[in-house]
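J.: Dumping the structure here so I can ask a few things about it.
In the numbering used here, the protein residues as written are 3 to 428.
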């Protein structure tokens with residue numbers, strides 16, 4: 003067992019660490035910083051493009067780069083797994099048994115997919131027509147290519163998930179795809195969600211209501227909690243939650259065209275193809291640490307101040323990205339706005355200053371692909387209030403547009419690899 007100490011340690015090798023560590027090194031005006039990154043993976047993926055992989059628009063290898071080539075060169079890469087964090091003693095225990103000490107810590111390990119939280123999902127995933135762009139977008143595209151009609155079910159769990167628009171994106175790509183290959187007349191599509199609306203923020207909500215109903219004629223189920231997947235028999239079982247007054251469990255399906263059946267207090271949908279966002283939580287090792295909420299609605303997620311990104315329990319620890327309990331969507335666009343706050347605060351502390359006045363506004367965005375040639379960009383902040391990036395006019399983002407699709411297809415990935423990943427702010 004070896005003990006090593008670094009000035010600033012980042013846990014995780016995802017977009018949060020890429021942006022945070024690179025910015026920290028780029029914008030440091032003082033002496034040389036000793037930055038370490040703990041990440042076991044050999045490959046770094048730009049996962050927002052996996053929606054396009056699942057739709058046959060991009061290849062998975064095009065979304066990947068070797069980790070050694072994209073981590074900031076001035077940082078020390080510790081290729082190992084984290085087993086525990088002891089914030090009282092400022093150290094991290096690794097799977098190898100090594101202990102890493104830190105002066106400042108940035109926690110950005112992302113989420114863990116929890117197939118175990120839904121009965122039968124572990125056994126069903128990746129076969130029997132059950133796919134997820136979050137896990138294996140190549141299998142999604144394989145199913146879509148071979149889909150000859152029937153019921154296509156798109157669903158999501160009750161847990162928090164990263165990129166909450168992703169389950170809808172592949173649904174709309176599917177709807178567009180089957181229009182082009184003539185299968186649409188033999189297909190019933192259904193969107194089943196534990197939520198009460200298709201989207202919570204206007205004007206994007208109204209546009210998506212138009213798209214899901216008028217453009218694609220997709221049946222909808224709201225307040226539907228997925229509790230079981232029977233892979234061999236291709237049956238998804240749900241329980242219904244109460245909905246706000248004025249909301250309906252069944253929308254755009256007055257004659258039950260998807261042949262849903264009721265069995266006691268459970269509802270069954272037989273599918274030919276099912277795409278779902280897997281249940282997600284903070285990594286299980288992290289949930290046991292003192293940095294995680296131990297009770298309440300955000301149990302397991304990292305407790306941070308929603309404006310400063312600072313741990314609510316330890317002043318020299320910051321959270322970044324999907325692991326945090328921030329009351330906004332978990333998106334890469336949000337991380338882009340969070341990273342400068344974390345970096346500025348750490349640099350202030352190193353310089354002996356107080357925490358900065360810079361605040362994270364809760365900004366998040368979902369590039370909602372609505373076909374193979376259109377997209378709308380839903381942007382919002384805390385309390386579900388619409389926000390707009392200063393670089394984009396409001397009129398451009400509220401409706402599905404070809405121009406926004408061009409941004410998704412050709413621009414966003416390059417912005418990530420060439421600018422954000424390198425710590426260049428814009």
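Every residue gets a Cβ at the ideal spot worked out from N, C-alpha and C, and that includes glycine.
Being a predicted model, the structure only gives us computed values, none of them experimental.
Give the list of continuous alpha helix (DSSP H) stretches no shorter than 4 residues that lie fully inside the region 272-330.
T.: 286-289
J.: For residue 242 versus residue 266, is the C-beta spacing smaller than 8 Å?
T.: Taking C-beta atoms as the reference points, residue 242 and residue 266 fail to come closer than 8 Å.
J.: Taking the straight line between their C-alpha atoms, what separation do you get for residue 338 and residue 188?
T.: 42 Å
J.: Give me the Cβ distance between residue 109 and residue 322, rounded to the nearest whole Å; I'm assuming they're in contact under 8 Å.
T.: 7 Å
J.: Three-state secondary structure (DSSP) at residue 88?
T.: strand
J.: Does the ligand GTP have a heavy atom nearer than 7 Å to the CB of residue 413?
T.: Absence of the ligand GTP from the depicted structure is noted, as is the absence of any ligand whatsoever, leaving it without description.
J.: Would you give the residue range spanned by the alpha helix (DSSP H) that residue 142 belongs to?
T.: Per DSSP, residue 142 belongs to the alpha helix (DSSP H) from 139-148.
J.: For residue 21 and residue 341, which I take to be in contact (beta-carbon distance under 8 Å), what is that distance rounded to the nearest angstrom?
T.: Between residue 21 and residue 341 a beta carbon distance of about 4 Å is seen, short of the 8 Å cut, so the two are scored as contacting.
J.: What is the DSSP secondary structure of residue 178, reduced to helix, strand or coil?
T.: helix
J.: Quick check on residue 77 - is its C-beta less than 8 Å from some C-beta in chain C?
T.: Considering every chain present, this structure includes no chain C. It has just one protein chain.
J.: In the DSSP assignment, the alpha helix (DSSP H) including residue 24 goes from what residue to what residue?
T.: 17-29
J.: Mind checking residue 223: buried by the 16 CB within 10 Å criterion, or exposed?
T.: buried
J.: Per DSSP, residue 221 is paired with what?
T.: DSSP, once it has assigned bridges, lists 192 as partnering residue 221.
J.: By how many angstroms is the C-alpha of residue 83 removed from the C-alpha of residue 126?
T.: 28 Å
J.: Quick check: what's the CA-CA separation for residue 355 versus residue 199?
T.: 45 Å
J.: Going by alpha carbons, who is nearest to residue 285 out of 378, 116, 218 and 231?
T.: The residue with the shortest Cα to Cα distance from residue 285 is 116.
J.: Is the Cβ-Cβ distance between residue 229 and residue 132 less than 8 Å?
T.: no
J.: In chain order, what residues of the same chain have a beta carbon less than 8 Å from the beta carbon of residue 377, not counting five sequence neighbours either side?
T.: 369, 370, 371, 402, 403, 406, 407, 409 and 410
J.: Between the Cα of residue 237 and the Cα atoms of 274, 216 and 208, which residue gives the shortest distance?
T.: 274
J.: Using 10 angstroms around the beta-carbon of residue 174, count the other beta-carbons present and answer buried if the total reaches 16, otherwise exposed.
T.: buried
J.: Between the Cα of residue 69 and those of 414, 34, 280 and 39, spot the shortest distance and give me the residue it belongs to.
T.: If we check each option's Cα against that of residue 69, 39 comes out closest.
J.: Tell me, please, whether the region 53-72 touches the region 90-108 by the rule of three or more beta-carbon pairs shorter than 8 Å.
T.: By the criterion of at least three beta-carbon pairs nearer than 8 Å, the region 53-72 is not in contact with the region 90-108.
J.: What three-state label does DSSP hand residue 136 in the structure shown?
T.: coil
J.: Between residue 74 and residue 14, is the Cβ-Cβ spacing less than 8 Å?
T.: no
J.: For residue 153, which beta-bridge partners are listed by DSSP?
T.: 190
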